[in-house]
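The structure appears below as C-alpha cells.
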Amino acid sequence: MKNPQNLPRFRLTLMAAAIVFAAACGTTAPTSKEDSATVVPKPAPPPVTNVVVESEIKNEPQFAPSLLAGAQDAVMQRERRDYAAKAAAPSMAMGMMTREAYVMPMPQPQDREAYAHLSDNPIHRAAEQPVSTFSIDVDTGSYANVRRFLNEGRLPPTDAVRVEELINYFDLAGAAPNNRETPFSVQTELAPTPWNTKTKLLRVGIKGYLPQGPLPPSNLVFLVDVSGSMQDSNKLPLVKSALKLLTRQLKANDRISLVTYAGNTAVVLEPTSGDQKSTIEQAIDRLDAGGSTNGAGGIQLAYQQAEKAFIKNGNNRILLATDGDFNVGVTRFESLIDMVKEKRKTGVALTTLGFGTGNYNDQLMEQVADAGDGNYSYIDSLQEAQKVLVAQSAATLLTIAKDVKIQVEFNPAQVSEYRLIGYENRALKREDFNNDKVDAGEIGAGHAVTALYEILLSGEGGDSVDPLRYSKKSSFAAPGVGQSGEVAFVRLRYKRPNESTSRLIEEPVRREQARNSIAAASESLRLGAAVAAFGQKLKGGTYTGNYGYNEIATLAKGAQAVDNSNSVGEFVRLVGLAQSLSAQVSVAPTPQMIE
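In the working numbering, the protein residues as written are 2 to 596.
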C-alpha cells in the first residue's frame, strides 16, 4: 500500500466514511430461536478522532495505516456484498426489495457486415428509353452468402441479395462454342413470365469456350488475411483447407507465391513450382491469425510478387482470401478500388474469395474483384471451395474474354415496357458501349452468364407506366424494321485477353421465338425464372406479386435435368427454409422490455 501521507484528501475522507458506515450497518447474530426474528444493532463505535495523526501539511488530517487498511477492507467487503446481491438476483423497485428475479441482458455479438444498397431496376417505356446497356457479371458470391444466412436460420438482408449472382450460380447458357475464334456463344429466348400473365421473359445467355486439354501455366499469388478477425473456424482454417484443394490441382509449370497481411505484410513463400506440393502446403499450415488488418499493404505486396514471377501468355492472378475487414493503412473504399484499377494494368488479375461472418465486407469484396478484372466468390464451406477452386477452376483462373458489355435495343412498335432483372451495379451509359476505354466484366473459360428482361409486348395491356402526354410516337426505326417481328436487337462487345480493341456480336430477337407457356420453354429459362423469382422475393417482391415459395420450388423441380451437380435440389431446400423463416414472427427483447 502507498504511503498514507501521499493519499489525496478525498480518498481519505471516503475511507473514513466507509468505516463509519460499515460499523453502523453491522448486526449481531441471533442468540436463540426465539430471538431469530430480532435484529439487534451493534453499539455505535467510538469516535474516530483518536485515529487522526499529525499532518505535515497544514490543516490536512492523516489516518493511521492500520485503520486505513481496515477502511480498504470494509470497502472491498461492501463491494462483495453488492455483487453477491446482484448475482442472487433480487430486484429493487421504487426503493423496495421484491422477490422478482433480475434478468441481466446478455451481450449480443455486434454485426458489422457491409453491403451496398442497390434499388431494383425500374420499368422503362420502350418508346421513351429503348436502349439498355450494362456490363456482364460472372460473380456468384451472393448465392453462397444467402445460403449461409438461411442455413443459420435467418433471412438475408435485402442488400445481400444480388439477383444476377443467384442466377449465374447455375449453368443456364446452353452449348459452348467449338473453338476460341469467337470465345463465347449467344442464345436468346422468349417465354411467358411465371409471376405475371401479361409479360414475357427474354433470356440472353452467354456460354464461354472451354479449352480441351491442360490450361496455360498459372502464376498464382495466394494473398491471405491473417489478422485477428480471421481466427474463427469459418475463416482462416477454412482458407487453409481451400487453398490446399487448389494446390493439389497444380502442375510443374505453375508458380505459387504466398503473401500474408495483418498489421504488417510478409512473403511467406517465394514463387515455387506447382509440383512442390509439400513445400506449399507446409507454408499454408504455418499461417496463424492475430493483429490488425493492413489489406492495402498486402495487395501491393501481392502485385509485386505476381509481377516478379510473371508468365507471358499465362494466367497471372492474385487470389485474395479475407473477410474484407480492412482497418489500418488505406481503408477508404474508393482509394482501395482506385489502387486495384491502377494495378490491373500490369496484366495481373485479382480474384476475391470471401470468408466468415459478423464483420464480413461483401461490398468491398465484390467491388475489388470487379476493379481487378477478376471474379468474386463467397466460400461458406469446403464443398463450395471444391466447386470454385477445383470443379470450376478453369472459369475461376482463366479469362477468355474481357470488358464484355451487353446492349439491348427494344423495338417500340413491338415492346411497350421492359425492365432488367438484377445487374443494378453494372449499368453503363449508352455511349459507354462503344467506348473501349470503359471497363466491363470478364468471362472465364466455360463460364455461363444469363441476363433476364421482363418485357410487356405492345397490345397485351397491363402497362405499369403511363405514356408521356407530350411525347411523339417513335419514328427513328430503320426502314422495314419498326413494324417487323423483331422484338429486340442484342449487341455484345468484348476484347480478347491480349487485345485492346473490342469486337462486336449482334443477334436479333423475333416475336415468333416466344413460347406459348413457361412449361414449353427450355429448362434453362424455367430454372432461371425460378431463381430470379426467389431472389426478387427475398428483396421484397416488388414485381413478383403473389407468386409464392411453393410455386418457385415447383418450377425449379421441373427444370432439375439442366443441372448435373444437385445444385437444384439444394436450391429447393433453400426455398423451403426461406418460406419457413418468412412465416416466423419473433420479437427481440429491447432494453425497455428488460427494464
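Ideal placement from N, C-alpha and C gives every residue a C-beta, glycine not left out.
Nothing here was measured: the structure is a model prediction, and the numbers come from that model.
Asked, Found
"Quick one, are the C-beta atoms of N122 and L421 less than 8 Å apart?", "yes"
"Which of the three DSSP states, helix, strand or coil, is assigned to L539?", "helix"
"To which residues of the same chain is L543 closer than 8 Å at the C-beta, ignoring the five residues directly before and after it?", "With the sequence shown as reference, residue 543 is identified as Thr, and Leu is not the correct amino acid for it. Answer for T543: D121, Q537, listed in chain order."
"Expressed to the nearest angstrom, what Euclidean distance is found between the alpha-carbon atoms of V649 and Y548?", "Nothing can be reported for residue 649, as the shown portion of the chain is limited to 2 through 596."
"Ordered along the chain, which non-local residues of its own chain (more than five positions away) have a Cβ less than 6 Å from that of G291?", "G229"
"Assuming L119 contacts E461 (C-beta within less than 8 Å), just tell me the rounded distance between them.", "So it is not a contact: roughly 29 Å between Cβ atoms."
"Less than 8 Å between the CB atoms is what I'm expecting for A192 and A515, so what's the real figure, rounded?", "7 Å"
"Do you know how far the Cα of G577 is from the Cα of S293?", "40 Å"
"Classify P131: buried if its beta carbon has 16 or more other beta carbons within 10 angstroms, exposed otherwise.", "buried"
"In the DSSP assignment, what are the bridge partners of L421?", "Y454"
"Report the rounded CA-to-CA distance for A449 versus D172, giving the unit in angstroms.", "5 Å"
"On the CB-based measure, 16 or more other CB atoms within 10 Å of its CB, does K201 come out buried or exposed?", "buried"
"Assign E182 to one of three DSSP states: helix, strand, or coil.", "coil"
"Going along the chain, which unbroken runs of the beta strand (DSSP E) with 3 or more residues stay wholly within the stretch 249-321?", "256-262, 266-274"
"Tell me the residue span of the alpha helix (DSSP H) that contains N152.", "142-152"
"Using a 10 Å radius around the Cβ and a threshold of 16 neighbouring Cβ atoms, would you call F430 buried or exposed?", "The question names Phe, yet the displayed sequence has Lys at residue 430. Exposed."
"From G315, N517, T347, pick the residue whose C-alpha is nearest to that of Q305; which is it?", "T347"
"In angstroms, rounded to a whole number, what distance separates the CA positions of Y601 and R149?", "An answer regarding residue 601 cannot be provided, because it is not within the stretch 2 to 596 covered by the chain."
"Relative to the C-alpha of A297, which candidate in L224, A522, A284 has its C-alpha closest?", "L224"
"If you drop the 5 nearest sequence neighbours on each side, which residues of the same chain put their C-beta closer than 6 Å to that of G546?", "W196"
"Among A303, R204, D255, N295, which has the Cα closest to the Cα of I312?", "D255"
"Check whether the stretch 177-194 touches the stretch 505-515, taking contact to mean three or more Cβ pairs, one atom from each stretch, closer than 8 Å.", "yes"
"Do N316 and P217 have their beta-carbon atoms positioned less than 8 Å apart in this structure?", "yes"
"As a quick exercise: from L239, K403, A303, pick the residue whose alpha carbon is nearest that of E500.", "K403"
"Where Y181 and D464 are concerned, what is the direct C-alpha to C-alpha distance, given to the nearest angstrom?", "For the sequence presented, residue 181 should be read as Arg rather than Tyr. Computed Cα separation, rounded: 43 Å."
"Give the secondary structure of V563 by DSSP, where H, G and I count as helix, E and B as strand, and everything else as coil.", "helix"
"I need the boundaries of the alpha helix (DSSP H) containing R574, first residue and last residue.", "568-584"
"Just checking, does the stretch 408-416 make contact with the stretch 360-373 on the three C-beta pairs under 8 Å criterion?", "no"
"I'd like the list of long-range same chain contacts for L251, defined as Cβ closer than 6 Å, with 5 residues on each side in sequence excluded.", "G275"
"Within a Cβ cutoff of 8 Å, which residues of the same chain sit near A263, ignoring the five residues on either side of it in sequence?", "D226, V227, S228, G229, A290, G291, G292, S293, T294, N295"
"Terminal residues of the continuous alpha helix (DSSP H) containing I553?", "550-558"
"Taking the DSSP output, what are the residues bridged to T358?", "Paired residues: none, contrary to the question."
"Along the alpha helix (DSSP H) that carries S394, what are the first and last residues, could you check?", "394-398"
"For L582, I'd like the list of residues in its chain whose CB is within less than 8 Å of its CB, leaving aside the five on either flank, ordered along the chain.", "L151, G154, R155, L156"
"Let me know if T99 comes out buried or exposed under the rule of 16 or more other beta-carbons within 10 Å of its beta-carbon.", "Low local confidence applies: a pLDDT of 43 at T99 is under 50, so the model's placement there is unreliable, with the coordinate-based value given in what follows. Classification for T99: exposed."
"Given this structure, state the Cα-to-Cα distance separating R494 from K342, to the nearest angstrom.", "20 Å"
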